[in-house]
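Note sheet for the following structure.
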Amino acid sequence: MVKQPFCSSLLKGRNILKIDLDGLTRFCQQNSISCRTDTPMREYTTFKVGGNATFSALPSSAEELTLLVRELRRIGAEPVWFVGRGSNLLVSDEGLDGVVVFTWGLSELKREEQTVIADAGVGMNALCRMAQSEGLTGLEFAYGIPGTVGGGVFMNAGAYGGEMRDVLEWVEYLDETGEVKRLPKEKLELSYRRSVFSTHPQWCILRAAFRLEQGDRQQIGDKMSELMARRREKQPLEYPSAGSTFKRPEGAFAGSLIEQCGLKGTRVGNAQVSEKHAGFIINLGGATCAQINELIEKVQQTVFERTGYQLEPEVRRLGK
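Quick note on our numbering: the sequence shown kicks off at 533 and runs consecutively.
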């Protein structure tokens, strides 16, 4: 994404935002915020699918993000989506008639005593490596989780027996008016793959603080390496995906249920239930959102009919 001017004329065949795109572009340029119209979302999601977004912007700091969000609120732009690395998203083939604000430009990461404070755009792996270099333990479980701190907080990401709520101390965010607010862990409503931000998508996460414990750098690094090796052995990391496609149902595991139903390798077009790990739907190359959605529904129906379990998608869908 580069800083350059764009034409604000109506994009062909689409009913786009009823706002002055020239004016929004000028605002971004005046404040050194990278922006783009007709943004191909397939380039910004790990699934590598999705149509174009009407307008997107990439702030490079919390200050730029705050300025942008307040301007979007002022002009009444909607819908507005906040997107990190797009690692848990499935974007419609028809694209997004709205504004996408990418947060991965926010990259500040610092330590204050036993607490690590990370901007929303910091990658989970970078966060874990920084903690390890400082001899701080508690985040090993998160090493290898794709995406950013913002996305991890949004869905209370977890793996290998750990979750974000185990180490979160507080989160700062922009509310629906663009004001900076802070919530302590106790008010984040953290549960399995959910947080208070799940029910308030108009809020934008700015940064989060993680309370950790002093540990041995070598032991922390060894644990991180072990978990990464397990991921590479068991997960289809060589293909585009959104990670685990379904949430874990109570009393069972989604991947085991799907495999039990003989669905490994099932395809709709170039979307496939991974033969390596049935809990993953992968893009073999050129898959569409429609194909992935059809495969998700096929898996849900088959698993429900044969086991009685209703699988709920973990992946977040954007657009029609």
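A virtual CB, placed ideally from N, CA and C, is assigned to each residue, including glycine.
Item                                                                                                                                                                                      : Value
Which residue spans inside the region 703-757 form an unbroken beta strand (DSSP E) run of at least 3?                                                                                    : 712-716 and 736-743
Enumerate in chain order the residues of its own chain whose CB-to-CB distance from residue 597 is below 6 Å, with the five nearest sequence positions on each side excluded.             : 591
Smallest Cα separation from residue 779: which of 841, 678 and 802?                                                                                                                       : 841
In its own chain, which residues sit with a C-beta less than 7 Å from the C-beta of residue 787, not counting the 5 before and 5 after it?                                                : 809, 810 and 811
Checking 8 Å against the spacing of the C-beta atoms, do residue 589 and residue 573 come in under that value?                                                                            : no
Of all the options 559, 579, 562 and 583, which has the alpha carbon lying nearest to the alpha carbon of residue 570?                                                                    : 583
Determine the contact status of residue 800 and residue 620, defining contact as a CB-CB distance below 8 Å.                                                                              : no
Looking at the secondary structure, which residues open and close the alpha helix (DSSP H) in which residue 558 lies?                                                                     : 553-562
If I'm right that residue 727 touches residue 721 with Cβ under 8 Å, what's the distance once you round it to whole angstroms?                                                            : 6 Å
In this structure, what does DSSP give as the bridge partners for residue 767?                                                                                                            : Answer by DSSP bridge pairing: none, since residue 767 is not bridged.
Between residue 576 and the rest of its own chain, which residues show a CB-CB distance below 6 Å, the 5 nearest in sequence each way excluded?                                           : 618
Residue 910 bridges to which residues according to DSSP?                                                                                                                                  : The structure shown does not extend to residue 910, since the chain spans only 533 to 852, so no value can be given for it.
For residue 737, collect the residues of the same chain with a Cβ closer than 7 Å to its Cβ; drop the 5 residues on either side in sequence, then sort them by chain order.               : 652, 682, 685, 686, 703, 705 and 729
Using the Cβ count rule (16 or more neighbours within 10 Å means buried), how would you classify residue 676?                                                                             : buried
State the beta-bridge partners of residue 569 as determined by DSSP.                                                                                                                      : 587
By DSSP's criteria, residue 642 is part of a beta bridge. Which residues make up the other side?                                                                                          : 649
Please state whether DSSP places residue 807 in a helix, a strand or coil.                                                                                                                : coil
Does residue 824 come out as helix, strand or coil in the three-state DSSP assignment?                                                                                                    : helix
Answer yes if the region 622-638 comes into contact with the region 820-832, meaning at least three C-beta pairs across the two stretches below 8 Å, and no otherwise.                    : yes
Have a look at residue 669 and residue 761 and give me their C-alpha separation to the nearest angstrom.                                                                                  : 19 Å
Between the beta-carbon of residue 610 and the beta-carbon of residue 630, is there less than 8 Å?                                                                                        : yes
Mapping DSSP to helix, strand and coil, what is residue 671?                                                                                                                              : coil
Is the beta carbon of residue 658 less than 8 Å from the beta carbon of residue 701?                                                                                                      : no
Among 695, 697 and 732, whose alpha-carbon lies nearest the alpha-carbon of residue 707?                                                                                                  : 732
Restricting to Cα atoms, I'd like to know which of 645, 579, 644 and 613 is closest to residue 635.                                                                                       : 613
Tell me the DSSP bridge mates of residue 813?                                                                                                                                             : 805
Return the CA-CA distance between residue 838 and residue 830, expressed in angstroms with no decimal places.                                                                             : 12 Å
Taking 8 Å as the cut-off, decide whether the C-beta atoms of residue 688 and residue 725 are in contact.                                                                                 : yes
Is the Cβ-Cβ distance between residue 773 and residue 814 less than 8 Å?                                                                                                                  : yes
Comparing the C-beta of residue 591 with each C-beta of chain B, is any distance below 8 Å?                                                                                               : In the structure shown, chain B does not exist; there is a single protein chain.
Might you give, ordered along the chain, the residues of its own chain that have their beta carbon closer than 7 Å to the beta carbon of residue 791, omitting 5 neighbours on each side? : 810
For residue 630, name the three-state secondary structure that DSSP assigns.                                                                                                              : strand
Measure the C-alpha to C-alpha separation of residue 566 and residue 616 and round it to an integer number of angstroms.                                                                  : 15 Å
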